[in-house]
Each structure stands twice: as C-alpha cells, then as structure tokens.
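So, in structure tokens, the structure goes:
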C-alpha cells in the first residue's frame, strides 16, 4: 500500500482529490470476514478519528488474548464464529491450537486485508528496506469491523473457513450496520454450485446487497486458466489482481561481466562471485542429475554444495521457488536462480537465502554461459525497489479468469486492482512478518483495494445502490495503466488484457467518483436474473420475501442491466436492452460511440440520450448480429455514451456459435 | 447409523422482524423433523435471523433430504470449506 494509492491517483499529497472530499471515508464502516485482526497494529490506531458512527450496532467480543478495550474508534467491531468449524473438525483442540479462540489474528491475512482497505497512515515502513513509504488504506479514516470465520488447523498447517461460519458472520454484519463487506475468500475450484444461490457467499451477499451493503469479493487465484473466476453472482463485485508499477530488480552478475536483473525480495548481504552450476549429467555418470527446480533434491549434494544453482521450472506458484531453495540449502548450496514464467508472488526465501527469479530467455543465457566456461561464477546483490516507468502493469498470472462458468453472459471478474507485492500490516505471529508488516500477493489483496475505494465513493454518494457503485467503478476503469500503456495479462503467453482478465479494467477512483451515468440494478433486476437462470417462482418468492411470478416466456439473461454486454452464443441476431440513470448534471445529452467486436455488427437505438429534471432514467436497445461463418472465440469491443466530459464505457464481448451447445477440440 | 454433517437450510428473506421469533421458527422446523426439542437443540449449529432466514444444523443425508421437501425451504446445502484468496 506504500505505492498503491499514489499509483491509483489517490495520493494524500494531491491538493484536491476524492480522499479529501470525503474526509477519507470517515463515516463509512467496512466489514471483513477473514482470519481476524491484530488490534495493536499501528494500522488500526484511531488518532484523529472522530466518534463511532451512530448507526453502528456491532460489538467487540472478548476471547483468548482479546478484550473489548482492544477495539477503538477505528477498529469498532470484532466477533468470531467457529461453531461450523468445530462441528466439522473433531480433531481441533482449542487448547493446543496456535490460533487464538477470539477475533485475534494468528496468520495475518485478515490484518493485511483490513489495513489495505481502511488502515490508518503509518509512515516510514518498509519490508527490510524494500517497498518503503507510508502504509495506509484506501479509506484511511473508514471504520473497521472484523468477523473472524477462518481458523488455523495445526494438523493441516492450513486455514479453513466453514461456509456456515461465513454465513453467520454475514448475518451479523448485516445486523451490525456495515456499509461494505469485504471477503478475500473463495470456493475451492472446481465450483460446487451450479447456480449462484447454491454458493453460500452468494446467498449471504444477496441479502446484504438487498439492504444496500456493497459486497466485494476476491476473484480467486486459480488463473491463468479460463473459467476459473469465483464469487460470480451478479450482485457481487468480483475483483481481479493486477501488478503495480513497482518491481524489485535483483542484480545477478556473471563471470563474463554480464549483469541480469532478476526479481526477488532478497535483503541479505551481497553474495560475492561464487561457483555457478546447472545440475546435468556430465555424460559418463551413473548418478542422477536434474536441473528441474522441483527435483533438485535428486542431485548428489556435492553437485550443489558451496555453489549457486540454476534451475528451470514450469511452475509459477511460489512453492516451486521455496522447494528449490530448501533443496539447495540442504545440500550446502549458497543460492538459487529460478528460471520460470512470471508468477507474481514474490516471497522472500527463508533465512534470507538468495533466491532470484528470471524468465526462460535469461535462464538460457545463463545456461549458455555455464556451458561456455570451465569455472562459471556469479554474484548476487540485494534487491532494490524500482518505481514508475518503465515498469508496466499486468494482470497477475494467478488471477482467476472468466468467462463466468455458472453464467457466461454475466461478465466476471468485474474490475482489476493491484494485488501483487502489497506491503501492509500483518500478525507478528506470521513467520514472514517484518516489524508487523508483510508483502503479500493474491486477489485477497486486490479485493480490499476496491473495498477501500467503494468506502470513499459511499461517503460521496451515500444513497447509491451497490449496483451503482459497481457500475461507476466498471464504466470508468482504465483500459490502460495510469500512464496510457497497454495492460498485459500474464498467461501461457502474455497477451493484451481483455474483459475476462480484468472486467472493465483497472479501477480509476477519481473517475468513478463522477461517472455521469450508472447502470443501476434493484430487486426487480435481480429477480429478472433469477428468472432467466431458471429459478422457480416459489424459490424466488421465498428469496425476496414477497410473491413473485416470472414472466412467460422467461426473460433473457442478456437483459440483466449490467455495465457490460456479454453474448456467449450469438447465432443470428440478438436484441437486448440497457437502462442508464443520470447521476451527473441534470440537463445532459449523451451520444453513443460503438467499437464493435471483429465481424460483429452492433446497432444502438436511440443514438443519443437526453436527460433533464424529469427524465433521469433512459433505456436503449442494442441489436447485435454476426458476419462470422464459424464458431469463433470471444471478440471484444466497447459501447460508450459520452457527453464529452464523461465516457461511460462498457465492454462488449461476443462469441459466435453457429453450432450451439457444441464442444470441439479440432 | 448414518453420520451427520453440517448442512445449511436456506429459507430466503426473513418472514418476521423479531430475531427471537425467527430463531424459534427454526427450532420448531428442526424439532418437527428430528422428533424432539432436545434433538433439535443438539443439532442446531446456527440460526440465521438478521439479514435473512435459515439455519445450520448437523443432519444426516436422509434428514437433509426430508427437510428440503418442507414448505418454505429454498435450498439445503452441505457445509463446505472456503479458502483464503
């Protein structure tokens, strides 16, 4: 967060911006359902924070190592829920567990996400000298309410969150009066629910949204494969992870004086020129050699002892790096250079062991050097922090992608936000903590960025619906980085990002504050979605609490009033409707501009929209036809309404399917 | 004997403003299924009663199927685990 807000244009030093207009989100309450909080963290100091908002009905629950005075005017609520977890985890022994049987955070994940969204200013923080600056939240004055529903299982050495506990936490948060609910959680892929309402988070979110609460969820870390995005209900704001314009170049100098800049969070001493090896069979040996990072342990120790080891891996998760580092360290090696595709999950190797990541091209350069000399050597210097250009913005490899596997016509993810190498508060118990702060990566970190932005927007527009906030964020998002350069999406090969990578694009808070028009949605719109998704009348009536009868024939999912148009099965012609509400100057005239997807015709009627004191909502029709003669993939375009001040942009994603319900592998 | 597992019985929007009343209705639904108030109390894990209506209870597969057929029940879904993202 020492870079996030400057990068997004919400710097505290800017003379006039959204931050100041709304007193940094002072009266807004953000709820977090996660692993709890470390209340003593500087990120939750309440210096300069006013009285607790009057509508707050929550509380500060005591428990192990947690008393009600741990809360304050910043951290205004803390509760924990574990009945479901206990019912399902017979082996759990709360006396022996390292986790705290209270809202106190053992792992640090909940503390991290809460400080990203709403942390107070904490100046002069860095991660052992890296990523230095002021740690702060998107809405530094917003209030924080913690609902701990995720627990550390010592036996598994992992965290689990039982859905019945999450639902109870949502139920309580709705009662307590939060304005924004932030969930950096995801169902395990492959998805269980074949419909949104069988997904537990979606159930609680439906009722929260119906009561005006904005629900922001992580999109999941199962990318870059397609159709891996989770938390896909249309009433949820689903977040993808992008990088910042910041990296940590780590100089690797070869004996031929060539210097390569790898990436690492290496803060140990310089490793002077040291023998360099790529473990491979010299040709006449009967022993096993392997230069694959996950299989370095197969090499004889003498191969790696006292040396820096080069290895290659197809893995992008950090596990491969840490496994390689531990194999080399166990053999007495002094460092490891990992050639891989980008994983965007830099993590320091334990005990400041030098582990540097590079790509295959640079790895091959080093391999060439190793094979070209009798005694190859290498020097590794500590990592540095590099800000701004020429660092480009990418969608992180791990960020889950669309299309939405439950309903492809509902564009997911909705928006992208920085979620890579984010420095924020953590629990001192965390083994990566450096002075109570840590650098983490994941859509877990991207979601609270959006929660913080929504908190500022909520303070500016307190009467807007959750759908209006989503629309404002989506239709004003950057399709490029803040400097106008294309955003690439990391994947099996790097490509220009599209709506299935980052939804409307990279969040642009200043523009979202005054979007001009919004694609608003209320109960009727969600009912339309449920009818189109095939829910029967009695279930929907139960759901919404009054008798509801779906129209016959049932409505088209394409008419759900989203700030996007996604047609996954265009054959001949499709007609759909969208309705926009004017939230800008009362007398406004908007004209349409269409950038159609390749080979697709998009006709919008009318071509201009006139708003005045009596006309605040206007609908328009869109007719889409294809000229393609084959089943294609998705092509992307845009539909923009402009009054020359606001450009209300929605993505148009169309896939032609001449042959429907058809799968091919040709 | 069938093992019981936590299931979420989702009833949709609350039908009553008083949370106590809502919770009592959950207990009645459960005891009508399990046969006694004591069994219902032992089985109940949570009553959802603020933002929406429903409850979490330890049920066997057949009990889950039976309760799914009761009027007013939108879904009965087994508890599942979420992970940090």
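Chains as they are written, first to last, in the numbering used here: chain V, 1 to 666; chain C, 1 to 85. C-beta: ideal position from N, C-alpha, C; glycine also.
Cβ distance (whole Å) where residue i is taken to contact residue j below 8 Å
i                     : j                     : result
residue 56 (chain C)  : residue 84 (chain V)  : 6 Å
residue 388 (chain V) : residue 199 (chain V) : Rounded, the Cβ-Cβ distance is 40 Å, inconsistent with contact.
residue 139 (chain V) : residue 118 (chain V) : 5 Å
residue 166 (chain V) : residue 149 (chain V) : 5 Å
residue 648 (chain V) : residue 393 (chain V) : Not really, about 23 Å apart at Cβ, beyond 8 Å.
residue 82 (chain C)  : residue 168 (chain V) : Not confirmed; about 13 Å, so no contact.
residue 339 (chain V) : residue 310 (chain V) : 7 Å
residue 423 (chain V) : residue 127 (chain V) : 6 Å
residue 87 (chain V)  : residue 45 (chain C)  : 5 Å
residue 201 (chain V) : residue 217 (chain V) : 7 Å
residue 22 (chain V)  : residue 460 (chain V) : 5 Å
residue 484 (chain V) : residue 85 (chain C)  : Residue 484 (chain V) to residue 85 (chain C), Cβ: 30 Å. No contact.
Any C-beta of chain A under 8 Å from that of residue i
i                    : result
residue 45 (chain C) : The displayed structure is made up of protein chains V and C, and chain A is not among them.
Close beta carbons around residue i, own chain, < 6 Å, minus the five adjacent residues each side
i                     : result
residue 564 (chain V) : 411, 650 and 651
residue 89 (chain V)  : none
residue 448 (chain V) : 113, 116, 117 and 182
residue 273 (chain V) : 377 and 379
residue 164 (chain V) : 84
residue 180 (chain V) : 30, 214, 451, 454 and 455
residue 619 (chain V) : 577 and 579
residue 39 (chain V)  : 70 and 75
residue 362 (chain V) : 260
DSSP state of residue i mapped onto helix, strand, coil
i                     : result
residue 500 (chain V) : helix
residue 75 (chain C)  : strand
residue 236 (chain V) : coil
residue 511 (chain V) : helix
residue 454 (chain V) : helix
residue 464 (chain V) : coil
residue 445 (chain V) : helix
residue 270 (chain V) : coil
residue 297 (chain V) : helix
residue 118 (chain V) : helix
residue 344 (chain V) : coil
residue 663 (chain V) : coil
residue 35 (chain V)  : coil
residue 352 (chain V) : helix
residue 175 (chain V) : helix
residue 529 (chain V) : helix
residue 83 (chain V)  : helix
residue 170 (chain V) : helix
Cβ pair residue i, residue j closer than 8 Å
i                     : j                     : result
residue 346 (chain V) : residue 112 (chain V) : no
residue 4 (chain C)   : residue 59 (chain C)  : yes
residue 456 (chain V) : residue 107 (chain V) : no
residue 265 (chain V) : residue 354 (chain V) : no
residue 466 (chain V) : residue 215 (chain V) : yes
residue 405 (chain V) : residue 227 (chain V) : yes
residue 135 (chain V) : residue 437 (chain V) : yes
residue 58 (chain V)  : residue 77 (chain V)  : yes
residue 219 (chain V) : residue 110 (chain V) : no
residue 74 (chain C)  : residue 543 (chain V) : yes
residue 349 (chain V) : residue 321 (chain V) : yes
residue 230 (chain V) : residue 186 (chain V) : yes
residue 296 (chain V) : residue 279 (chain V) : yes
residue 414 (chain V) : residue 479 (chain V) : no
residue 170 (chain V) : residue 142 (chain V) : no
residue 33 (chain V)  : residue 51 (chain C)  : no
residue 45 (chain V)  : residue 94 (chain V)  : no
Own chain residues within Cβ distance below 7 Å of residue i, not counting five before or after
i                     : result
residue 391 (chain V) : 245, 246 and 247
residue 268 (chain V) : 352, 354 and 382
residue 568 (chain V) : 403, 408, 409 and 655
residue 68 (chain C)  : 76
residue 313 (chain V) : 292, 293, 294, 320, 338 and 340
Heavy atom of the ligand PLP within 7 Å of residue i beta-carbon
i                     : result
residue 467 (chain V) : The ligand PLP is not part of the structure shown, which contains no ligands of any sort.
Same chain, Cβ closer than 8 Å to residue i, neighbours up to 5 away in sequence not counted
i                     : result
residue 551 (chain V) : 531
| query | So, do the stretch 12-32 of chain C and the stretch 509-528 of chain V have three or more beta carbon pairs nearer to each other than 8 Å? | reply | no
| Is there contact here, the stretch 491-499 of chain V with the stretch 572-590 of chain V, by at least three beta-carbon pairs under 8 Å? | no
| message | Under 8 Å, with one C-beta from each stretch per pair, do the stretch 394-414 of chain V and the stretch 247-264 of chain V reach the 3-pair mark? | response | Segments in contact, no.
| request: Answer yes if the stretch 328-339 of chain V comes into contact with the stretch 302-314 of chain V, meaning at least three C-beta pairs across the two stretches below 8 Å, and no otherwise. | output: yes
| said: Using a Cβ distance threshold of 8 Å, determine whether the stretch 4-14 of chain V contacts the stretch 410-424 of chain V, with at least three qualifying pairs required. | reply: yes
| request: Tell me, please, whether the stretch 630-639 of chain V touches the stretch 580-596 of chain V by the rule of three or more beta-carbon pairs shorter than 8 Å. | output: yes
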